[in-house]
Amino acid sequence: MISKLQIEHVTHLFPAPEGGDLKVLEDVSFDVGAGEFVSIIGASGSGKTTILRIIDRLITPTEGSIRIDGELIVRPGGKISFVFQRDSLWPWRTVLGNAVYGLEIRKVSRPEAEERARYFLDLVGLGGFENYFPHQLSGGMRQRVNFARALTVDPDILLMDEPFASLDAQTREIMQLELLRIWEETGKTVLFVTHQIDEAVFLADRVVTLSARPGSFPHRLVSRRRL
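Here it is, written out as structure tokens:
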């Protein structure tokens, strides 16, 4: 499999409230293949979200580097979309208005932006809800809008930070199946953080486990396709 994302010897420290530094990641290295779905699991505070933020260049690592297709990434760019744990929709924008937001930032024309947004809203099962506002949607529907918004900018890599954590069990199962369907239809590379081992194994081609702080990768679980 061709490597899409390379995390190379990443170590990260945060300033500690009492002084000094708190090491949250230590010499983390792994690759993610093109079109692969990889889950990261680990205890709270082990650095799972920090890894995603470093990949998206929201944080600069203390040591190490991130590469996409072999190219060193030094600033946020258009190759990555981030789906957060809590929905990040603008409450004053409609579903369509939220879905086109990333394209507006990229100066895509309004007609083209709306056409692309409508396509992905249909893909996530929200065709016909374009004029609804976030407060009129269920939690699962709001997260679908987040998916659509992330996909409209056509990222190479989709980072997902416990996107189903706030959903009830039944809705979570539905959204897991929807995510797999969307992934299979789009072929995106996905890096998915979760606390739930069963969720990680169900969704991913490969699962890596992050040790307790400072996080590193001592274990790799078998592919879902080989279970």
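Per UniProt numbering, the very first residue in the sequence shown carries number 1; after that it's consecutive. Even glycine gets a Cβ: it sits at the ideal position worked out from N, Cα and C.
Return the residue from the list 153, 196, 154 and 185 that minimises the CA-CA distance to residue 161.
The residue you call residue 161 lines up with position 161 of the sequence shown. The option with the nearest alpha carbon to residue 161 is 196.
For the alpha helix (DSSP H) holding residue 164, just list the boundary residues, first then last.
Along the sequence shown, read from residue 1 onward, the residue named residue 164 stands at position 164. Boundaries cannot be given for residue 164, as no alpha helix (DSSP H) includes it and DSSP labels it neither H nor E.
If you reduce the DSSP assignment to three classes, tell me which class residue 15 lands in.
Translated into positions along the sequence shown, residue 15 becomes position 15. It is a strand residue.
Residue 27 in three-state terms, based on DSSP
As a first step, residue 27 must be located in the sequence shown, where it is residue number 27. In this structure, residue 27 counts as strand in the three-state DSSP scheme.
Mind checking which residues open and close the beta strand (DSSP E) that includes residue 142?
For this step, residue 142 is matched to residue 142 along the sequence shown. Not the beta strand (DSSP E): residue 142 falls in the alpha helix (DSSP H), residues 139–152.
Based on the DSSP output, what are the partners of residue 81 in its beta bridges?
By 1-based counting over the sequence shown, the position of residue 81 is 81. Beta-bridge pairing by DSSP links residue 81 to 158.
Residue 107 in three-state terms, based on DSSP
For the purposes of this step, residue 107 is taken as residue 107 along the sequence shown, with counting starting at 1. Note: residue 107 maps to coil in three-state DSSP.
Reduced DSSP category for residue 73 - H, G, I as helix; E, B as strand; rest coil:
Here residue 73 refers to the residue found at position 73 of the sequence shown. Per DSSP, reduced to three states, the secondary structure at residue 73 is coil, with no helix or strand assignment.
Let me make sure I understand the geometry here. Which of 72, 40, 87 and 9 has the alpha-carbon closest to that of residue 202?
On the sequence shown, position 202 is the one that residue 202 refers to. When only C-alpha atoms are compared, the closest one is 40.
For the alpha helix (DSSP H) holding residue 202, just list the boundary residues, first then last.
Against the sequence shown, residue 202 aligns to sequence position 202. DSSP places residue 202 in the uninterrupted alpha helix (DSSP H) bounded by 197–203.
According to the neighbour-count rule (16 or more other Cβ atoms, all chains shown, within 10 Å of its Cβ), is residue 169 buried or exposed?
On the sequence shown, residue 169 is found 169 positions in, with the first residue counted as 1. Residue environment analysis places residue 169 among the exposed positions, since fewer than 16 neighbouring C-beta atoms fall within 10 angstroms of its C-beta.
Straight-line CA distance for residue 131 to residue 143?
Position 131 of the sequence shown, counted from the start, is the residue given in the question as residue 131. Position 143 of the sequence shown, counted from the start, is the residue given in the question as residue 143. Roughly 16 Å between the two C-alpha positions.
In this structure, how does DSSP classify residue 2 when only helix, strand and coil are distinguished?
Taking the first residue of the sequence shown as position 1, residue 2 is located at position 2. In the three-state scheme derived from DSSP, where H, G and I count as helix and E and B as strand, residue 2 is classed as coil.
In terms of residue numbering, what span does the alpha helix (DSSP H) encompassing residue 55 cover?
The count along the sequence shown starts at 1 and reaches residue 55 at position 55. Following the DSSP letters along the chain, one finds residue 55 inside the alpha helix (DSSP H) bounded by residues 48–55.
Using 8 Å as the threshold, is the segment 81–98 in touch with the segment 138–156, meaning 3 or more CB pairs across them?
Judged by Cβ distances under 8 Å, the segment 81–98 makes contact with the segment 138–156, as three or more pairs qualify.
Under 8 Å between C-beta atoms of residue 29 and residue 8:
In the sequence shown, residue 29 corresponds to position 29, counting from 1. In the sequence shown, residue 8 corresponds to position 8, counting from 1. Against a cut-off of 8 Å, the Cβ pair of residue 8 and residue 29 comes out as a contact.
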